[in-house]
Amino acid sequence: MDDKTTALVGIRKDGEIAVVTITNPPVNALSADLRQGLLEAAEACDEDDAIKAVVLVCAGRTFIAGADVREFGKPPQPPHLPGVVARIEAAKKPWVAAIHGTALGGGFEVAMGCRFRVASPDAKVGLPEVTLGIVPGASGTVRTSRLAGVSVAVDLVTSGRPWNASKALSVGLIDEIIAGDLAAGAVAFARSALKCPLPPAVSERPVEPMPEDFWQEAGKRAAKAGHQAPLEALALIRFGSQHPFPEAMAKERACFLALRQSEEAAALRHVFFAERGAGRPDALRAVKPRSVASVGVIGGGTMGAGIAAACREAGLPVVLIERDDVALDRGLANLASIFDGAVKRGKLDSKGKADRLAGIVGSTDYAALAGCDLIIEAVFEEIGVKRAVFADLVRHCRADAILATNTSYLDPRAIVAGLAHPERFIGLHFFSPAHVMKLLEIVPVPETASDVLAAAFALGRLLGKVPVEAGICEGFIGNRILKRYRAAAEALVVEGVGIAEIDAAMRDFGFRMGPFEAQDLGGLDIAYLQREGARSAGQVVPETLGDRLVKAGRKGQKTDGGWYDYPNGGRSPEPSLVVAELLSAHVAPSRLMPRDEIAANLLAAMASEGQAILVEGVAQSASDIDLVEIHGYGFPRWKGGPMFLHDRKG
Ligand code: 3HC
Ligand code: NAI
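Positions 1113 to 1762 (the working numbering) are the ones given, in order, by the sequence shown.
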């Protein structure tokens, strides 16, 4: 065979080893054409007697990242992936998968069809199908147990989280880590493998059976995800470990094809593509972001410390400014305790903590900000305090430094009105805890320069956030919908529906907490003070049930009670007789409402506010609103967001 190249699959020879190279940018997804190309490559290599082994590599940033998700909404096209994997496994010559970047889903299934797997040190392997609402469809639930044991299969498949190369090597998911030139290393690996007897194909290896209590425990863990796919995947792994390979494959395929059509899968695909679109708005594609290599944070409280920690996590040096030495010590302690938490959870070692802390300069002097490219203000939510801080920033920072406010409700235009160089002002609304929550609302003022807006998106991506642009209105996108959601929940209470029933309905829907439990946790006083502020500014804001509770001293868990009682200082909410008494004159006699009706009611309120937000241009797209709800407010990802749901249900 001469060297051969089709559009997606090239074959070249290195002596007796064929190197099959896939080139299907951006991530070498397994489109129908690529599947066909792989079948043809397997035929060509088998037919050439001079070839003794085959190395499979990918061009570009990654090994095959999986099936082509864009095909999932359409009928399956032949050749189907299980057949392609089986063809590679049945090849006359052993195949070696050479993995760099990520071998995910169908990509790792192809690798498991190969007789050997080698990887670069920074490669990852995984089966993330459950995160798309499906199960592996080309042997992931069947071959993984046969390759590395049932317990590894359960972790990889039901969590959907990839493993790094060294962890994968330790359990036999891969055979060798190759530093340096991967293709050359894989060819050398293939040559030495040919000198030994070949191991059996993965499908022919035995599986160690697991005891009943293993499956019980695994079932409990999989159920925690809250949606169907992890449980289905677990059942398939169990079946696959107890039945012959062909039967297990048939069952997996049937389940994969059924779930592919499910609402859950459609929702998760919607979120997958929305997330990828969010960080890169079309309007900014040609804009070079203003450079951000160092950050100043004003205020080391709840938000400032979290923002500073997120910046350090991304490697940015941080200057933390507080109003006096006592507050600065407290702010630095807040930061240290975030890193301590990461150490405790095993996410950071002591050297990592020391590195993070070494990149922070604390000061009470704004002059320390002179070299910073971006300054994020996170001081008290009071217009006077924020205006004074911005006036100081303008005096001390470079004229091209980006100046951002983390305000939740204030109008960013009012914070910076009259200050020089308005093109560098922007709102960067992080969510609490800022080093954990993925949402970043980006709020430009009318004068914000496009390279400043682009820098905000670039920062969001660098920090691993989901950046969403929001227009200026009270509460931007997220808090505005939250307000409507809470009002709708209170309206049901007024109609006589039980507080605990409403919370339970939203938990059944998929939220971790219902609207009232969540308020008790965060504190009812925050929204109360905001309403009071509006009232004292002359706005007509009717008294809410929440206002009545705050006035009676019930601000939530911090005061031993809010919508619920928390007996003995505990954290479990108990329905409260005091609340029933306080609200009795304002609510109708108790009535039963089915939980799905309660949920539908509150979801309709969210979607309707979302619709208004879209019409006003506060959000750029319905999918941005879905991302805000999912990443900032605990909306269950597998339901796709309020706008997606509304669109599907009509
Ligand atoms: N199918 C189609 N397009 C994909 C894709 C896939 N599996 N994975 C990524 N893309 C696209 C993205 O939409 C994006 O397109 P855009 O540039 O037009 O927006 C582009 O590739 C780059 O993606 P990212 O921005 O996510 O690039 P990163 O470098 O940050 O990440 C990645 C790369 C880790 C591979 C990440 O894209 C990813 O996790 N992809 C999904 C992997 C996955 O879920 N695979 C399993 C699929 S299901 C399956 O295989 C079923 C099988 O069992 C039969
Ligand atoms: P906080 O009260 O915990 O912290 C504010 C910090 O700012 C304090 O440490 C204070 O000493 C410092 N500070 C006050 N004036 C200062 C000045 N002139 N110079 C330097 N430091 C000063 O408040 P929190 O919760 O961190 O909120 C900060 C901002 O973030 C507010 O605008 C708030 O609306 C917003 N926000 C809060 C969220 C939350 O859940 N807490 C969520 C999103 C935004």
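Note that CB positions come from ideal geometry on N, CA and C, so glycine has one too. Please read these numbers as outputs of a predicted model, since none were measured by experiment.
Indicate, with yes or no, if the ligand 3HC has a heavy atom lying under 7 Å from the CB of residue i.
i, result
"residue 1268", "no"
"residue 1323", "no"
"residue 1287", "no"
"residue 1180", "yes"
"residue 1661", "no"
"residue 1388", "yes"
"residue 1141", "yes"
"residue 1135", "no"
"residue 1173", "yes"
"residue 1241", "yes"
"residue 1221", "yes"
With H, G and I counted as helix, E and B as strand and the rest as coil, what does DSSP make of residue i?
i, result
"residue 1519", "coil"
"residue 1124", "strand"
"residue 1614", "helix"
"residue 1253", "helix"
"residue 1367", "helix"
"residue 1312", "coil"
"residue 1579", "strand"
"residue 1419", "helix"
"residue 1474", "strand"
"residue 1201", "helix"
"residue 1459", "coil"
"residue 1407", "strand"
"residue 1317", "coil"
"residue 1771", "Residue 1771 lies beyond the residue range present for the chain, which begins at 1113 and ends at 1762; the question has no answer from this structure."
"residue 1486", "strand"
"residue 1552", "strand"
"residue 1624", "coil"
"residue 1481", "helix"
"residue 1413", "coil"
"residue 1214", "strand"
Given this structure, state the Cα-to-Cα distance separating residue i from residue j, to the nearest angstrom.
i, j, result
"residue 1303", "residue 1309", "12 Å"
"residue 1653", "residue 1558", "28 Å"
"residue 1615", "residue 1625", "7 Å"
"residue 1274", "residue 1265", "11 Å"
"residue 1485", "residue 1536", "11 Å"
"residue 1286", "residue 1210", "10 Å"
"residue 1583", "residue 1566", "15 Å"
"residue 1405", "residue 1608", "55 Å"
"residue 1199", "residue 1154", "7 Å"
"residue 1160", "residue 1207", "14 Å"
"residue 1281", "residue 1229", "10 Å"
"residue 1185", "residue 1346", "24 Å"
"residue 1651", "residue 1715", "27 Å"
"residue 1292", "residue 1212", "11 Å"
"residue 1328", "residue 1728", "51 Å"
"residue 1480", "residue 1545", "26 Å"
"residue 1365", "residue 1250", "7 Å"
"residue 1277", "residue 1254", "21 Å"
"residue 1296", "residue 1152", "23 Å"
Given a cut-off of 8 Å on the beta-carbon distance, is the pair residue i and residue j in contact?
i, j, result
"residue 1514", "residue 1564", "yes"
"residue 1736", "residue 1497", "no"
"residue 1418", "residue 1569", "no"
"residue 1163", "residue 1128", "yes"
"residue 1145", "residue 1120", "yes"
"residue 1773", "residue 1411", "Missing from the structure shown is residue 1773; the chain here goes from 1113 to 1762 and no further."
"residue 1444", "residue 1464", "no"
"residue 1719", "residue 1758", "yes"
"residue 1371", "residue 1245", "yes"
"residue 1761", "residue 1379", "no"
"residue 1166", "residue 1130", "yes"
"residue 1235", "residue 1180", "no"
"residue 1221", "residue 1259", "no"
"residue 1642", "residue 1668", "no"
Cβ-heavy atom distance between residue i and the ligand NAI below 7 Å?
i, result
"residue 1455", "no"
"residue 1410", "yes"
"residue 1415", "yes"
"residue 1587", "no"
For chain D, check one thing: does any of its Cβ atoms lie closer than 8 Å to the Cβ of residue i?
i, result
"residue 1563", "Chain labels in this structure do not include chain D; a single protein chain is all it has."
Review point. Enumerated in chain order, which unbroken segments of the alpha helix (DSSP H) with a length of 4 residues or greater are wholly contained in the segment 1643-1712?
Key: 1657-1663 and 1689-1695
Review point. Where are the alpha helix (DSSP H) runs, 4 residues long or more, that stay fully inside the segment 1323-1398, in chain order?
Key: 1324-1335, 1340-1354, 1357-1372 and 1375-1390
**Study point:** Ordered list of beta strand (DSSP E) runs contained in the segment 1116-1190, each at least 3 residues
**Key:** 1121-1126, 1129-1134 and 1165-1170
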